[in-house]
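K.L.:
Residue numbers for the sequence shown, in the working numbering: 34 to 467.
Here it is: the structure, laid out below.
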Amino acid sequence: MNDEMNRIPEEENPQEEPMVAEEVPAEEAPQFSAGGTYAQRMYTAEPKRKRKRRKIFWIVLAVLIGYLLLLMAAVGTTAYVVGGNRFGFKLFHKENEVKVEEHIQIQETPFVPDEEAAPDGTLTVKQIAKKVRPSVVGVVANGQSGNPFASASSSVGSGIIMSEDGYIITNNHVIENTSSVSVILDDGTEYGARVIGADARTDLAVLKVEAKGLPVATFGNSDSLEQGDLAIAIGNPSGLQLQNTVTSGIISAINRDIIVEDQPMTLIQTDASINPGNSGGPLVNAYGQVIGINTVKIGVSYYEGLGFAIPMNSVKPIVDELISRGYIKGRPTIGITGEILDARTAAYFNVPPGMYVDYVAPNTDAYQKGLMRGDIIVKVNGQEVRELGDIQKIRDEHVAGDSIELTVYRNGNTQTIRVVLMDEAEMNRATQQN
């Protein structure tokens, strides 16, 4: 690559000049003689009664200010507590009002045993279904193919209501590449929905419908799960004809590391029946709390009872940021796609094993450094590449702006290049604009 392609453009927008205090003309500034003798004379000449009144004035003023600050703190705390899952506050200055934008967050619901619960707080499957079902929705995604004359296709998944005013969690793959989304409540009410944010890497998305007073699910702590705990899945297998089907099982395992569409994920494993259409629906514990979002099932005929869910403690920070930004900021990416050449395939073609590069995004540092389609990445930071997870694990130990070292094989030669990781969201936006 030539030097001009690697040259970093100069900053076009100069930084704002720091604010400085306004100078006071010399003739207007107070003048004091050396040693402060003039000030001392003025002080000693002041009557004692006047000094005492001034002292009392400042004490009273300090007490009033302290009382006002305590009152403001109390009001702010009350507003926060009353807000629950949704809170906001306002700051006032003279006649101008500045409103801080409200921010929806998933919060672990304080545990309050149900009146019908057992002494240990647990519920029966029947009680759990009655409690959670109203918060589970059907998600209908209407897609459109590239052919304008082709009929639109649609798919159905599930979702869980997280706020009374219509924020809903589902899977990214349920609503990905669709032209419109609808949400159907348990009572049959249908709403049009807009996508607030989606993240393919974690397979999570947040929808919003314009409604009030929706039944909100309660959320639990997925880190407290143990193997053998009760697990209830609720969703829409095979579409809306079987809407809000309830299946039960146990927590088969926790912290299962598996690869889903080339992305490593750490998931909850359950034998509760999870089928196509359950995606985006809740996995619920024995207390009726949502502790996972169902995401994938191994769909091979001779496998049974292998369902997976994203742990709620992993869901929370992603959903919070999707609502706040619409995307996940700072997530690192090299900006490439490819597939693994295993040892057998590599030996057949007389090349080293590694990742065969299919595509390099033009707006990335990897592209500027000359990485191209057909290259084989054999090492990352000196570690051999045998599967996609090897690259992704090293990548995810860094942040956007860090650099990593790629050992690349091309046409019988091996070379090493150092590339800067991009912010994935910024790269995607730049690609869409181009």
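All C-beta atoms in this analysis are idealised placements derived from N, C-alpha and C, irrespective of residue type, glycine included.
Fair warning: this is a prediction, and the values are worked out from it, not measured in the lab.
Taking only three categories from DSSP, how would you classify K163?
P.N.:
Helix.
K.L.:
Measuring CA to CA, which of E197, G253, T370, I98 is closest to G422?
P.N.:
Of the candidates E197, G253, T370, I98, the one whose C-alpha sits nearest the C-alpha of G422 is T370.
K.L.:
Tell me, to the nearest whole angstrom, how far the beta carbon of L240 is from that of V228; I am working on the premise that it is less than 8 angstroms.
P.N.:
The Cβ separation is near 6 angstroms, so the contact holds.
K.L.:
From the DSSP output, in three-state form, read off R364 for me.
P.N.:
In the structure shown, R364 sits in coil (DSSP, three-state: anything other than H, G, I, E or B).
K.L.:
Looking only at its chain, what residues have a beta carbon closer than 6 angstroms to the beta carbon of V293, apart from the 5 residues adjacent to it on each side?
P.N.:
For V293, where only same-chain residues beyond five positions count, the Cβ hits under 6 angstroms are V329.
K.L.:
Compute the Euclidean distance between the alpha carbons of I437 and E259, then round it to the nearest angstrom.
P.N.:
In a straight line, the C-alpha of I437 is about 38 angstroms away from that of E259.
K.L.:
Check whether the Cβ of M298 lies closer than 8 angstroms to any Cβ atom in chain B.
P.N.:
Annotation note: the requested chain B is absent from the structure, which comprises a single protein chain.
K.L.:
Could you tell me the alpha carbon to alpha carbon distance between R406 and V390, rounded to whole angstroms?
P.N.:
Rounded to whole angstroms, R406 to V390 spans 5 angstroms at the Cα level.
K.L.:
If you measure between the beta carbons of A266 and G314, is that distance less than 8 angstroms?
P.N.:
Going by C-beta atoms, A266 is nearer than 8 angstroms to G314.
K.L.:
Alpha carbon to alpha carbon, what distance is there between R377 and P248?
P.N.:
Distance between the alpha carbons of P248 and R377 is about 55 angstroms.
K.L.:
Can you tell me whether G325 is buried or exposed? The criterion is at least 16 other CB atoms within 10 Å of its CB, across all chains shown.
P.N.:
G325 is buried by the Cβ-count criterion.
K.L.:
Suppose you measure from the CA of T155 to the CA of V323; what does that come to, to the nearest Å?
P.N.:
Whole-angstrom Cα-Cα distance: 14 angstroms.
K.L.:
Starting from the C-beta of A399, find all residues in its chain whose C-beta is less than 7 angstroms away, skip the five residues before and the five after it, and write them out in chain order.
P.N.:
Excluding positions up to five away in sequence, the list reads I367, G368, I369, V393, V452.
K.L.:
Which runs of the beta strand (DSSP E) spanning at least 3 residues fall entirely within the stretch 200–277, listed in chain order?
P.N.:
For the stretch 200–277, whole beta strand (DSSP E) runs of length 3 or above, ordered along the chain, are 200–203, 211–217, 223–232, 237–241, 263–268.
K.L.:
So D391 is in the beta strand (DSSP E); what residue range does that whole segment cover?
P.N.:
Run containing D391: 387–393, per the beta strand (DSSP E) assignment.
K.L.:
Have a look at N308 and S271 and give me their C-alpha separation to the nearest angstrom.
P.N.:
Rounded to whole angstroms, N308 to S271 spans 7 angstroms at the Cα level.
K.L.:
On the DSSP bridge assignment, give the partners of P315 in chain order.
P.N.:
P315 is bridged to I326.
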